[in-house]
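Working notes, beginning with the structure itself.
Number of protein chains: 8
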Amino acid sequence: DRRGIPEAVLAEGKRPAETAALATTALETTGRALVTRASSDHAAAVREGVGDVAPDASVDHDEVTRTVVVHADGYEPPALAATVAVVTAGTADAPVAGEAEVVAREIGAAIDRVEDVGVANIDRLLDQIERIREAAVVVVAAGREGALPTVVAGLVAAPVIAIPVSTGYGEGGEGAAALAGALQSCTVLTTVNVDAGFVAGAQAGLIARAIDGAGTAGDDGDADGDEVDGAGVDGAGVDGDE
Amino acid sequence: DRRGIPEAVLAEGKRPAETAALATTALETTGRALVTRASSDHAAAVREGVGDVAPDASVDHDEVTRTVVVHADGYEPPALAATVAVVTAGTADAPVAGEAEVVAREIGAAIDRVEDVGVANIDRLLDQIERIREAAVVVVAAGREGALPTVVAGLVAAPVIAIPVSTGYGEGGEGAAALAGALQSCTVLTTVNVDAGFVAGAQAGLIARAIDGAGTAGDDGDADGDEVDGAGVDGAGVDGDE
Amino acid sequence: DRRGIPEAVLAEGKRPAETAALATTALETTGRALVTRASSDHAAAVREGVGDVAPDASVDHDEVTRTVVVHADGYEPPALAATVAVVTAGTADAPVAGEAEVVAREIGAAIDRVEDVGVANIDRLLDQIERIREAAVVVVAAGREGALPTVVAGLVAAPVIAIPVSTGYGEGGEGAAALAGALQSCTVLTTVNVDAGFVAGAQAGLIARAIDGAGTAGDDGDADGDEVDGAGVDGAGVDGDE
Amino acid sequence: DRRGIPEAVLAEGKRPAETAALATTALETTGRALVTRASSDHAAAVREGVGDVAPDASVDHDEVTRTVVVHADGYEPPALAATVAVVTAGTADAPVAGEAEVVAREIGAAIDRVEDVGVANIDRLLDQIERIREAAVVVVAAGREGALPTVVAGLVAAPVIAIPVSTGYGEGGEGAAALAGALQSCTVLTTVNVDAGFVAGAQAGLIARAIDGAGTAGDDGDADGDEVDGAGVDGAGVDGDE
Amino acid sequence: DRRGIPEAVLAEGKRPAETAALATTALETTGRALVTRASSDHAAAVREGVGDVAPDASVDHDEVTRTVVVHADGYEPPALAATVAVVTAGTADAPVAGEAEVVAREIGAAIDRVEDVGVANIDRLLDQIERIREAAVVVVAAGREGALPTVVAGLVAAPVIAIPVSTGYGEGGEGAAALAGALQSCTVLTTVNVDAGFVAGAQAGLIARAIDGAGTAGDDGDADGDEVDGAGVDGAGVDGDE
Amino acid sequence: DRRGIPEAVLAEGKRPAETAALATTALETTGRALVTRASSDHAAAVREGVGDVAPDASVDHDEVTRTVVVHADGYEPPALAATVAVVTAGTADAPVAGEAEVVAREIGAAIDRVEDVGVANIDRLLDQIERIREAAVVVVAAGREGALPTVVAGLVAAPVIAIPVSTGYGEGGEGAAALAGALQSCTVLTTVNVDAGFVAGAQAGLIARAIDGAGTAGDDGDADGDEVDGAGVDGAGVDGDE
Amino acid sequence: DRRGIPEAVLAEGKRPAETAALATTALETTGRALVTRASSDHAAAVREGVGDVAPDASVDHDEVTRTVVVHADGYEPPALAATVAVVTAGTADAPVAGEAEVVAREIGAAIDRVEDVGVANIDRLLDQIERIREAAVVVVAAGREGALPTVVAGLVAAPVIAIPVSTGYGEGGEGAAALAGALQSCTVLTTVNVDAGFVAGAQAGLIARAIDGAGTAGDDGDADGDEVDGAGVDGAGVDGDE
Amino acid sequence: DRRGIPEAVLAEGKRPAETAALATTALETTGRALVTRASSDHAAAVREGVGDVAPDASVDHDEVTRTVVVHADGYEPPALAATVAVVTAGTADAPVAGEAEVVAREIGAAIDRVEDVGVANIDRLLDQIERIREAAVVVVAAGREGALPTVVAGLVAAPVIAIPVSTGYGEGGEGAAALAGALQSCTVLTTVNVDAGFVAGAQAGLIARAIDGAGTAGDDGDADGDEVDGAGVDGAGVDGDE
Ligand SMILES: Nc1ncnc2c1ncn2[C@@H]1O[C@H](COP(=O)(O)O)[C@@H](O)[C@H]1O
Ligand SMILES: Nc1ncnc2c1ncn2[C@@H]1O[C@H](COP(=O)(O)O)[C@@H](O)[C@H]1O
Ligand SMILES: Nc1ncnc2c1ncn2[C@@H]1O[C@H](COP(=O)(O)O)[C@@H](O)[C@H]1O
Ligand SMILES: Nc1ncnc2c1ncn2[C@@H]1O[C@H](COP(=O)(O)O)[C@@H](O)[C@H]1O
Ligand SMILES: [Mg+2]
Ligand SMILES: [Mg+2]
Ligand SMILES: [Mg+2]
Ligand SMILES: [Mg+2]
Ligand SMILES: [Mg+2]
Ligand SMILES: [Mg+2]
Ligand SMILES: [Mg+2]
Ligand SMILES: [Mg+2]
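Residue numbers (the numbering used here), protein chains in the order written: chain A, 1 to 242; chain B, 1001 to 1242; chain C, 2001 to 2242; chain D, 3001 to 3242; chain E, 4001 to 4242; chain F, 5001 to 5242; chain G, 6001 to 6242; chain H, 7001 to 7242.
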C-alpha cells in the first residue's frame, strides 16, 4: 500500500483457507501481512499456509486483539519518531484498542498504552494526562456512553481519534451511544465506526508518518513516505476492496 | 396533587384560551398553577384569564424558561430544607434547566444553579464541584454528546438526574445522543426524556420532599408531606392525564 | 464508592478469571463485591478466587438475578430506615427486579417486593397500593407496553423509578416500547435503560440513603453518608469506568 | 362502498379544488361525502363546489376534527342498534377521537363519548367504566405513553381498538411510544396507525354493522348490510385507492 | 377471562416447569388452558403436569402452531354462529395464522382457512373471494411486503384484521414492511404486531362473540357473553399481565 | 450524457441564478436541459437565463411535475419504438409519476399513462391490465402501503420499476412503507428511492433505448445509442455529480 | 412463469421435505426448478425427491451460491443474445453475485463475470471497464459503503442494477449503508434489497429478454417472449407468493 | 485554545445579541473570534458589537459558508507550511466545505480547494488527483451516497477526513447515507458528523500544526505549537462547552 498500511485481510466471514491464501499473497508481494478478526482456526490456517511458502517468516497471533501479523524473514519494520497514545476507558475496550495498536505499530509508530481512565472516575484520567499529552496523535477507545474521547480532546493539543466500542445493552447499546457521542462531541475529534480499531490505528499511523516525513531532513514533503514500506514492495492489493 | 407537584398545564399544542381556562381552574382548586412551554400569547391569555377571576393573584411569566407561575393571593409557598443543584453544560441548556428549576422551587426546594461547566473544559467543573456536592439532589442538563451527567455522578454522593437537551445536528442530534449517553452511563443516574425539564425538576423536588419529611421530627415517614401543599387543596387534576 | 454503592463488576463480556480478579480486588479494598449478569461459570470462578484470598468471606450466588454478593468475614452491612418497594408487572420481570433489589439491599435499604400487579388486571394493583404507598422510594419493573410505572406514579407520593424490561417481540419489542413509555410518561418518574436493574436499585438506594441521612440526628445533611460504607473503606474503583 | 363506509377524501396534500371535485363526485354517486383533514380553504371549496351541483345538500364542517360531512338532500342516514364508545385520555386526543366519531356515526353507529380518563388518574377511569362496558365496540385514543387502551381492554368484554395520538416530544414522541405500546399490549386489542381516527372509527363502524346485521331478523348473515347504504347507491370509488 | 378468551401462557422465555404450573392453575380455575409458543419441552412438561392433577384432561400439542390446548374432562366448548376466515399469503404464514385459528376456535368461532392466495398471483385470490366473503370476520396473515390484507379488505364487507408475519430479509425484513404496510393501508383494517397470531385470533373471536350475542334472542346486548366461559369460572388470571 | 439521459439539474437547494446558470451550460453543451424540483422562481430564472443566450430555445415549465424542459432551437428529439407505461395508484402519485414521464420521454420513449388503479379496488387495475401489458417497461408509482408495484409485476412480463411515493403519516409514512414494500416484494421488480421519479424514468428510458437499439438493423449492439443524443453533443456534465 | 423466470423456492425457513416437494412440483409443471438459499440438507432432500419422480433430471447444487438447479431430462434451456455483466467489489460479494448469475443464466442470458473491482482501487475497475461496457445489462454487487454501482453507472450506457451486500459491522453494517448508497446514487440505477441476488438477476434477465425479443424478426413486440419458456409449460406457481 | 483552534461561537440557536457578546469576549481574550452558522442578523450584530469595543478589528462575513471571522487590529495570523486540500463532489457541498476551509485557514494551514469531482464522473477526479496528492491532509465533502471520500482515500497517501453533507431525500437522505458510507469505508479514513465542516477543518488544522511543529527545527515535539496562537492569549473559552 502506498500509504504504508500493511495489506489487511478481514478474516471474519472468510473461510480459513481463503484467509490463508490472501495472507500468503500479501506476504509474497509486500513482505508482510496483517489478518484482523481472526479466530484460532483462521490463525492456524495462516500459520500453515505461510509455513508452506515462507518457512522462515514470523507469524504472531494475538488472541485478545484477534490479529495475526506475518513478517517475511529479514523484513525490516519501519520506525517513526512520532508516538501514538492508545487510551482505554475500561477493560472491555482492550481488544478493540489493541487492534488499533497493532496496525499503528506496523506502520511504524511508537505506542503508549494508557488503560482504564474512564470518566466515571475523572481523577484516574487527570493522573495520566501529562503522559497522554506527550503523544503526537491520541486514539481513545470507549464504549457505553463513550464520553472519554471528548474529555481527552479537551485536555490535549494533538489530534484525537475516537473508537466507539460495542459495549452496553438496551437503547444506545452495542456502541451506538458511543458513536453518536463521538459525532456530537463539543470538542474537535474525528471518529471511526463502532469497534473499527483497524481504521483508527491506521489513520493514527498515517498522521504519525506525515509528522515523521515532515521532521526528516531532505524529505520531499508529500507525506508519501515510501521508505516505510519495509520490504520495499509497492503493496499491490491482493483483493478487490469494498 | 398529592405529591406536592403544582398542577401543570403544557401550553404547547393548546390554544391560549384553553390554556388560560385550565390554569384558572388549577388556581381555583389548588391555590396555584404552573404553565410550561408557553408562548407570549399563552402568557397573555393566562394573565387575562386569571385577572378576571382572581385579580390579586401573582402571574410570573419567564421568557427563557417559557413558564408562567400563578399564585393565589396569600399563597404560602412550601419551603424544604433540602437543596437541588441545577447544573448546565452550556448556555443552550439554560431554558430546559430553568424549567426544572421553576418546578423544583415550586415544590419547595432551595435551588443552587451552576452554569457552563461542560466536559470539554473539565477544569471549570472541578472548580465548582464542592458547591455541587452540597446539594441533596443534582439535576444535570446537557445536550450534544451529553457527557456531563456521567462525570458529575462520578464526583458526588447525591442522586443525579440527567436532562438530555435537544441540541446538536446530524446523527444523534436533537438530544438523541445525550439521551442514549444517559441511558448508557457507567455511573449511577436516572434520566428523563429529551428537554423534559419539568419531569426532572419535579422528581428532584419529590426527593427533596422525601428527605425533608424524614428530617422533620414527628413526620409520619411516608413521604406524603401534605404540609407542603401551600394552599391546602388536594390538587385534583384539571385535565385527563395521558 | 463514596456513594455507598458496592463496587460492581458486570460479568457479561468478561472471562470468568477476569471477573474473579476484579471481584477479589473489590473485596480486599472495600470489604465486599457485587458481580452482576454472572453465569454459573462466572460464579464458580468468583467463589474459587475469593476462597483463595479470603476463605471466610461469604459468597452468595443467585441464579434468577444472576448476581454474586461477596462479603468479607465480619462485614457489617449498612441498615437504613427507608424502605424501597420493588414492584413487578409479571413473572418475566422478576430477574431484572431482583437485580435492583440486591443492590438496593446492599446499600442498606429495607425492601418490599410486590409481584404481578400488571395493568391488564388493575384490581390486583389496587389491592396492593396501600402497601406500596408505605415505601420511601418505588422501583417498578415492567416489559411489553410498560404502563405500570405510570399507573403507580399516579397513585403514590414517593419518587418512582421505572425499569423497562426486555420482553415483547415485533415492533417495540425487547423493551423498546416500555422504555419509550417511561420517557413519555404523563406522570412524574425517571427511568433507567432496558433491563438496567442495577442502576435503578442503586439510585433507589442513594435516595434511601439521603432520606436516612436527613432523618439521623447530628447528620451533616450533605447526604454523603460515609457511615454506610460497611467496611469503612473508601471504595476505590477496581477498574476504569466507561 | 359496499362496506357502508362513506367515500372519504383525505384533503391533506390535495388542492381545495381537487378536494371539492372528489367530494362532489362522491356526493353524486353515493348520496354523501366525507372529507378528512380539511383546512378551512378545503371546507370553503367543498361548500362552494357542492353548492353549484346540489344546492340543497347539507355541508357540515367541524374545525376540531377537521372533517366535512356532505349529505344529499333527503339522504337518510343509517341507524344501527350497536353503540361505539369513543374514549380519550386527555384534551389533546379530542381531534383524533372526533374524526373516529364522525365516521362511525356516518356508518350508523350510536356514539358514547367518554373524555379525559387517562391512566395517571385511574380513579376517573374507574368512575366511567360501567358506562364504557355498555358499548358494543370501544375506541380508545391516547398519546404520550398510550397506556389507556391496555387498561380499558383489561376492564371490558367488547373488542377494543387503539388510536395512538401524535403527542409527546423526544424519544417515542409524536405518537411512536403510544403505537408501540398498543402493539405490545399484554391484553387483546388491535390498533391503527398514529392519528388514524378515520380508520379506527370505520373499523368500529364495520363491527357495529356486523353486530347489527346479526341481530336483525331475516338478515342474510353475510354482514354485507346493503341496507345501510343510505342513498342506496353502490359507492363506486371516486379515486384510485392507494 | 370475562371476555371468553382462554387464559393463555406465553411459553417462550419461561422454563418448562413454570409453564406447566401456570397451565395447571389455569386448567383448575377456568376448566381449560392455552399455551402458546411452546417448544416440545414445554409441551411435555405441560402434559406431565396436567397428568398429575387432572389425568382425564385432554392435552393437544400442535407442532406447527406451537400451541398446547388443555381441556378439563367434560369441558364443553363454546360454539358461536359466526365464522372467522383465516387467510394466508403463502406457506411461511401458516404457523402464525394457525395460532390465530386455535384461539379463535377456543373462543367458539367456526373457522374457514384459506391458504396461499398471495398478491403476486391475484387470480388465486379472486378464485377464493366468495368463500372469504361468507365470513363474519377476516384475519389475513402475510409477510414480506404484506399487501394481502389491503387487497382483501378492498374486496369484503366484513372487518379485516392483519397479522404481519416475520418473513423477509434486509430493509423491512422480519415483518417490518408488512406491519408498516398494514398501518399505511388505504383501506379500512386494524392490525396486531408482527407474528401476534394470538392477539388477532382473540380479537376476531371477541367480534364473533359480539355478533353471536346480538343474534341470540333474549341476549342482553352488552356483548358480555358469559355463557361462552366453558367452565363457568371467572377466568381470574394466573399471572401478572404486562 | 453518453446514456441519452438529458443533463439534469436538481433545483431544490440551489438558488434560482445557480440553477439557471447550470441549465444554460447544459443547453449550450448538449442542446437541451432538464431542471427537476423547480419552484416558479427557479423556472422564471431559467426562462430568463436561457432567453439571454438562446432566445429561440423552447422552455417548458410544468407546475405539477415541477420540471423545466429546455430545447435548443432545431433540437430534434430522439424517438424510440419502445413504450414505457407509467402507472399510478391515486392522484397523490401524479407529480412523482409525471417527473418520471418527462425524463423517459426526453430519452425518447413513447409513454402510456395509466391512472388511479390502486389495489384497494383491484377491479380498476384488472380493467387496464391488457393496456399495461403492451408496454416494454412498466413504472409504477404508489405511496401509503405501496402494494401496487407487486400486484402489477405479478400480472405483466415486462420489467417493472417501483417508485415509492412520500404519502402517508405515522409509522411507515412519508413513503417509508412503500419503499420497504418494494424491497420486500415477493415478485421481481427493482426500485428507486422515495419520490425519485427522475431516476425511475431515466432507468426506464435506458431500458427502452437498449430494446430499441437491439431492434434496429445494423445497430452495434452495445446499447450505446449515440443516435439518440438529439443535439449530437457528447453531454459533458456541467457539474460534479454526487 | 409468464416472464421466463424459473419457479423459485426460497429454502431458508422451510424444512427440507417441504422444499423438495415444492421443487418437484415445479419440475413437473414447468420442466425445471430453482432452489435458493439451500443448505446441504435442503439440497440432499431435493436430489432425493427429484430422483424419485424424475430419475433422469439433472440436479446441480452449488455451495457458494447456495442454489440448486433442476432440469427435466431433455429440457432445452433458453438462449438469449444479450449479455448480463455481473460485477463484484470483493470476494465477500461472490455468493450473492453468484445467485444473480444463476437466475439470469436460467432466463437465458449470457453472463460475463467481473470480480474484485472495488472502488478503493479504482485502477482495477478502469482496467475492466471496456469489458463491462460490452454488456446489455450490468448487475453490480457491493457491500460496506457500496460505492461501486454508482461509479460503474457513471461509466456505462447500459442499465445498471445494484445489489447491496450484507457486509460491514457497526453503523450502516449488514448492507444498510450499501442499500442507502444505492438509493441515494447521483447517477441513474435501480436497486434490490440487501443480498437479493435472485431479484437482481431475474430483473436483468427480464431486460435481456426484452432486448432479445426486440432484436428477433417477427417478434410480437410485447416482450412476452413465450419462446424462452424452455419446457413450454405455463409456469403456474407452486406456492402462494408473498 | 491551547490547540490553536479559534474560539468558535455556533450562532444557530442563539440570539444575535448573545452571539455578539460571545464573539466580543473571544476577541478581547484571544485576539480573534470565529462565528459559524451565522444568519445576516447574527453577522450584523457581531459587526456592531465588535465595532463598539474594537473599532479597528476586521470583521469578515461570508454568506455561503455562513461564517464571521473577526481579527483584532494587528492580529498576526499563524502560517503553517502544510497544505490542506478541501475537495467537493458537487456544488451543494460548497457551503460545508467552505466552513472547513475557513477554520483550517484560521489555524494557519494553506488551503487547496478542488471542486466538483464527484464519483459519477470519475475522469474529472482523476484529472485533479495529482494536485490533491500534494496536500498533507485531505478533507472531502460529499452528500447523497457519499462515495468520494473512499475513492480519494484509495488514491492518496495523506490522511483523509470525510464530511458527509446533508443532501439527498428519502431513505438515507439528509446525509445519513453519506455518513454511513464514511463509517463503512473499505479504505482508511475518519469522519465527522453530517455537515460538521467546522470539526473536519479544525482536525485537519490540528494535523497540519503537528506536521508543521515536527518540521520546525528546535520544536519541542509535543505538537503544542503555542506560537500559532496569533494574539498570544491562552484562549480561555468564553462559554461552557457541551
Ligand atoms: N478489522 C477491520 N475493520 C475494518 N476494516 C478492515 C479491517 N481489517 C481490514 N480492513 C479493511 O478492509 C480491507 C480488506 O477487506 P477484504 O478485502 O474484505 O479482506 C482492508 O484493505 C482494510 O482496508
Ligand atoms: N448489570 C449492570 N447494568 C448496568 N451497569 C452495571 C451493571 N453492573 C454494574 N454496572 C455498572 O458498571 C460498572 C462496572 O462496569 P465494569 O467496570 O465494566 O465492570 C459499575 O461500577 C456499575 O456502575
Ligand atoms: N384521515 C384519514 N386517515 C387515513 N386514511 C384515510 C383518511 N381519510 C380517508 N382515508 C382513506 O384513504 C382513502 C382516500 O384516499 P385518497 O383517495 O388519497 O383521498 C379513503 O378511501 C380512505 O380509505
Ligand atoms: N429529481 C431528481 N431526483 C434524483 N436525482 C436527480 C434528480 N434530478 C437530477 N438528479 C440527478 O442528480 C444529478 C444532478 O445533481 P446536481 O449536480 O446536484 O444538480 C443529475 O445528473 C441526476 O443524475
Ligand atoms: Mg481487500
Ligand atoms: Mg394534565
Ligand atoms: Mg468499572
Ligand atoms: Mg381514494
Ligand atoms: Mg398472563
Ligand atoms: Mg450534477
Ligand atoms: Mg413462491
Ligand atoms: Mg463553546
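Glycine included, each C-beta is placed from N, C-alpha and C at the ideal position.
Check your understanding: Using DSSP with H/G/I as helix, E/B as strand and the rest coil, what is Val3119/D?
Key -> In the fourth sequence, counting from the first residue as 1, residue 3119/D sits at position 119. It is helical.
Practice item. Pick out whichever of Arg4105/E, Ala4147/E, Val4152/E, Gly4146/E has its Cα sitting closest to the Cα of Ile4132/E. Key: Taking the first residue of the fifth sequence as 1, we reach residue 4132/E at position 132. Measuring from the Cα of Ile4132/E, the nearest candidate turns out to be Val4152/E.
Point to revise | Contacts of Glu2171/C in chain E (Cβ-Cβ under 8 Å) | key: Taking the third sequence and counting its residues from 1, the one referred to as residue 2171/C is at position 171. Correct list: Ala4176, Leu4179, Asn4193, Val4194.
Review point. CB-CB under 6 Å to Gly6098/G, same chain, minus the five flanking residues each way: which ones, in chain order?
Key: Reading the seventh sequence from its first residue, position 98 is the one you call residue 6098/G. Same-chain partners within the cutoff: Val6064, Thr6065.
Review point. What's the gap between the Cα of Ala4021/E and the Cα of Pro4006/E?
Key: For this step, residue 4021/E is matched to residue 21 along the fifth sequence. For this step, residue 4006/E is matched to residue 6 along the fifth sequence. If I take the Cα positions, the gap works out to 16 Å.
Check your understanding: Applying the criterion that 16 or more other CB atoms from any shown protein chain within 10 Å of the CB defines a buried residue, is Val140/A buried or exposed?
Key -> Taking the first residue of the first sequence as 1, we reach residue 140/A at position 140. Result: buried.
Check your understanding: Under 8 Å Cβ-Cβ, which residues of chain H neighbour Thr190/A?
Key -> What you label residue 190/A is simply residue 190 of the first sequence in a count that begins at 1. What Thr190/A touches in chain H: Ile7161, Thr7190, Thr7191, Val7192, Val7199, Ala7200, Gln7203.
Point to revise | Continuous alpha helix (DSSP H) assignments of at least 4 residues falling wholly in the segment 94-142 of chain A | key: 94-107, 122-133
Practice item. Decide if Ala1079/B is buried, meaning its Cβ has at least 16 other Cβ atoms within 10 Å, or exposed. Key: Taking the first residue of the second sequence as position 1, residue 1079/B is located at position 79. So Ala1079/B counts as exposed.
Exercise for review: Please confirm if Ala5092/F has its CB atom under 7 Å from at least one CB of chain D.
Suggested key: As a first step, residue 5092/F is located in the sixth sequence; it is residue number 92 there, counting from the start. True, the Cβ-Cβ gap to chain D drops below 7 Å.
Check your understanding: If we count Cβ pairs, one from each stretch, closer than 8 Å, do we get three or more for the segment 2106-2118 of chain C versus the segment 2185-2198 of chain C?
Key -> no
**Study point:** Contact under 7 Å by Cβ, Ala2011/C with Arg2037/C
**Key:** Against the third sequence, residue 2011/C aligns to sequence position 11. Against the third sequence, residue 2037/C aligns to sequence position 37. Against a cut-off of 7 Å, the Cβ pair of Arg2037/C and Ala2011/C comes out as a contact.
**Study point:** Gln7184/H beta carbon less than 7 Å from that of Arg6124/G
**Key:** Translated into the one-based positions of the seventh sequence, residue 6124/G becomes position 124. Translated into the one-based positions of the eighth sequence, residue 7184/H becomes position 184. No. Outside cutoff.
**Study point:** Every unbroken beta strand (DSSP E) inside the segment 6142-6178 of chain G [3 residues or more]
**Key:** 6160-6164
Point to revise | Sequence-distant residues of its chain with Cβ nearer than 6 Å to Val1103/B (five each side left out) | key: Taking the first residue of the second sequence as 1, we reach residue 1103/B at position 103. Excluding positions up to five away in sequence, the list reads Phe1198, Gly1201, Ala1202.
Exercise for review: Kindly list the residues whose CB is nearer than 7 Å to the CB of Arg2003/C, restricted to its own chain and excluding five residues on each side of it in sequence; keep chain order.
Suggested key: Mapped onto the third sequence, residue 2003/C falls at position 3. So the list reads Leu2206, once near-sequence residues are dropped.
Check your understanding: For Ser5058/F, which of helix, strand or coil comes out of DSSP?
Key -> In the sixth sequence, residue 5058/F corresponds to position 58, counting from 1. Strand, per DSSP.
Review point. What residue does the beta strand (DSSP E) around Ala6072/G start on, and which one ends it?
Key: What you label residue 6072/G is simply residue 72 of the seventh sequence in a count that begins at 1. Taken as a continuous stretch (DSSP letters only), Ala6072/G belongs to no beta strand (DSSP E), as it is neither H nor E.
Exercise for review: Please determine, among Leu4027/E, Leu4034/E, Ala4045/E, the residue with the shortest C-alpha to C-alpha distance to Arg4015/E.
Suggested key: Position 15 of the fifth sequence holds residue 4015/E. Selected option, being the one with the closest Cα: Ala4045/E.
**Study point:** Distance cut-off 6 Å: Cys7186/H Cβ against heavy atoms of ligand 1
**Key:** Counted from its first residue, the eighth sequence places residue 7186/H at position 186. Result yes, Cβ under 6 Å from ligand 1.
Check your understanding: Taking Cβ to Cβ, would you say Val4053/E is nearer than 7 Å to Val4035/E?
Key -> As a working note, residue 4053/E is residue 53 in the fifth sequence. As a working note, residue 4035/E is residue 35 in the fifth sequence. The answer is no: Cβ separation not under 7 Å.
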